[in-house]
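Chemist: Below is the structure I would like to discuss, written out as structure tokens.
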Amino acid sequence: MNLEESMIRPIISLKAMATRRRGVGVGAIQQKQQVQAQYAAKGEELASEQIANFSQQLETFTKKLEDFAYKHRNEIKKNSQFRRHFQEMCAHVGVDPLASSKGFWASKLGVGDFYYELAVQVIEVCLSTNHINGGLITLNDLRTRLLKSRSKTRKENITNDDILRAVQKIKVLGELSMDDSRVLQLAEETGFVTIELIMDRLRWEETRTLQVIEHLIKEGLAWVDEQPSDTNQYWIPSLFLQQYYPIIGSSGSTESSLSSFYVS
Numbered sequence: 005m006n007l008e009e010s011m012i013r014p015i016i017s018l019k020a021m022a023t024r025r026r027g028v029g030v031g032a033i034q035q036k037q038q039v040q041a042q043y044a045a046k047g048e049e050l051a052s053e054q055i056a057n058f059s060q061q062l063e064t065f066t067k068k069l070e071d072f073a074y075k076h077r078n079e080i081k082k083n084s085q086f087r088r089h090f091q092e093m094c095a096h097v098g099v100d101p102l103a104s105s106k107g108f109w110a111s112k113l114g115v116g117d118f119y120y121e122l123a124v125q126v127i128e129v130c131l132s133t134n135h136i137n138g139g140l141i142t143l144n145d146l147r148t149r150l151l152k153s154r155s156k157t158r159k160e161n162i163t164n165d166d167i168l169r170a171v172q173k174i175k176v177l178g179e180l181s182m183d184d185s186r187v188l189q190l191a192e193e194t195g196f197v198t199i200e201l202i203m204d205r206l207r208w209e210e211t212r213t214l215q216v217i218e219h220l221i222k223e224g225l226a227w228v229d230e231q232p233s234d235t236n237q238y239w240i241p242s243l244f245l246q247q248y249y250p251i252i253g254s255s256g257s258t259e260s261s262l263s264s265f266y267v268s
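Under this note's numbering, think of the first position of the sequence shown as 5, with each following residue one higher.
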């Protein structure tokens, strides 16, 4: 063997080893991809099984909830605390008994009808007191008037929670802007505000302040009390009535006047 042959053989061996290594590398990558695909397929299979099991459990629970509701329908309608717990149970599984006035909940329990009827009565009370409070009424005052207006033969008690749930199911009849709400909150202290007070407390420009006051007056939410001085007072009738002629509900507790309803 001459020198040239002895140099060529190692080179050939190195090329063969490199070729084998490349083969092993490609095979490993392909095997890894196959394993990943198997894991993905198994994951999708497990996810589908879990979703199917969860759907079956949810369907079973909903059926039991319907059976429970039908069995205790009288307690749900008459007992306000029981009714609230029932609503919370429904919320946990995404069931809304008030979503429609038709179907199981309304036809078998009358739950939907109870809240829709209550919503109509809320509107009637708000409209009938509009000339007194400008359309803004506290939650406790509203509840007191509702209890007085309902038939004495009816035994269903009404809670603040019932009123809020009923109102949430009807379209908003009038909405206060953020500026309106901030002025009303400021007026809670004394029942009235002045231009100077708003500008000082809220750090507003005079133009912005006047626009809000004019809007509140136009909507009947604020009444002008002209003073001998140049400073007029703008009274919020519902807040004035709450402070000087408080109507406290049967619970004996007062609520913020902004936990209220506005009907234009």
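Where is the CB? At the ideal position from N, CA and C, for every residue including glycine.
Based on the DSSP secondary-structure assignment, which residues constitute the bridge partners of W227?
Modeler: Taking the sequence shown and counting its residues from 1, one reaches residue 227 at position 223. W239.
Chemist: With three or more C-beta pairs closer than 8 Å as the rule, is the region 234-244 touching the region 189-198?
Modeler: The region 189-198 vs the region 234-244: in contact.
Chemist: Which class does L180 belong to by DSSP, given the choice of helix, strand or coil?
Modeler: One-based indexing of the sequence shown puts residue 180 at position 176. Coil at L180, not helix or strand.
Chemist: Between the beta-carbon of I167 and the beta-carbon of V126, is there less than 8 Å?
Modeler: Counting from 1 along the sequence shown, the entry for residue 167 is found at position 163. Counting from 1 along the sequence shown, the entry for residue 126 is found at position 122. For I167 and V126, yes; Cβs fall inside 8 Å.
Chemist: Within 7 Å: the Cβ of S132 and any heavy atom of the ligand COA?
Modeler: The ligand COA is not part of this structure, which contains no ligands at all.
Chemist: Could you check which residue in L146, M93, R77 and N137 has the C-alpha nearest to that of V124?
Modeler: Along the sequence shown, read from residue 1 onward, the residue named residue 124 stands at position 120. When each option's Cα is compared against that of V124, the closest is L146.
Chemist: For S104, which of helix, strand or coil comes out of DSSP?
Modeler: Numbered from its first residue, the sequence shown carries residue 104 at position 100. In this predicted model, S104 has a pLDDT of only 47, less than 50, meaning its place in the structure is not dependable; the value taken from the coordinates is given anyway. The answer is coil: DSSP assigns S104 none of H, G, I, E or B.
Chemist: Using a 10 Å radius around the Cβ and a threshold of 16 neighbouring Cβ atoms, would you call E230 buried or exposed?
Modeler: Mapped onto the sequence shown, residue 230 falls at position 226. Exposed, by the Cβ-count rule.
Chemist: Under DSSP, the alpha helix (DSSP H) around I136 begins and ends at which residues?
Modeler: Locating residue 136 in the sequence shown gives position 132, where the first residue counts as 1. Where I136 is concerned, the enclosing alpha helix (DSSP H) stretches over N134 to N137.
Chemist: State buried or exposed for Y119, treating a residue as buried only when at least 16 other CB atoms are found within 10 Å of its CB.
Modeler: Here residue 119 refers to the residue found at position 115 of the sequence shown. Flag for Y119 reads buried.
Chemist: Less than 8 Å separating the beta-carbons of G138 and S242?
Modeler: Stepping through the sequence shown from its first residue, residue 138 is reached at position 134. Stepping through the sequence shown from its first residue, residue 242 is reached at position 238. A contact, by the Cβ cut-off of 8 Å.
Chemist: To the nearest whole angstrom, what separates the beta carbons of H219 and D184, a pair I think is in contact under 8 Å?
Modeler: Taking the sequence shown and counting its residues from 1, one reaches residue 219 at position 215. Taking the sequence shown and counting its residues from 1, one reaches residue 184 at position 180. Contact flag correct, Cβ pair sits at about 7 Å.
Chemist: Alpha carbon to alpha carbon, what distance is there between I202 and W239?
Modeler: Mapped onto the sequence shown, residue 239 falls at position 235. Mapped onto the sequence shown, residue 202 falls at position 198. Cα to Cα, W239 sits roughly 13 Å from I202.
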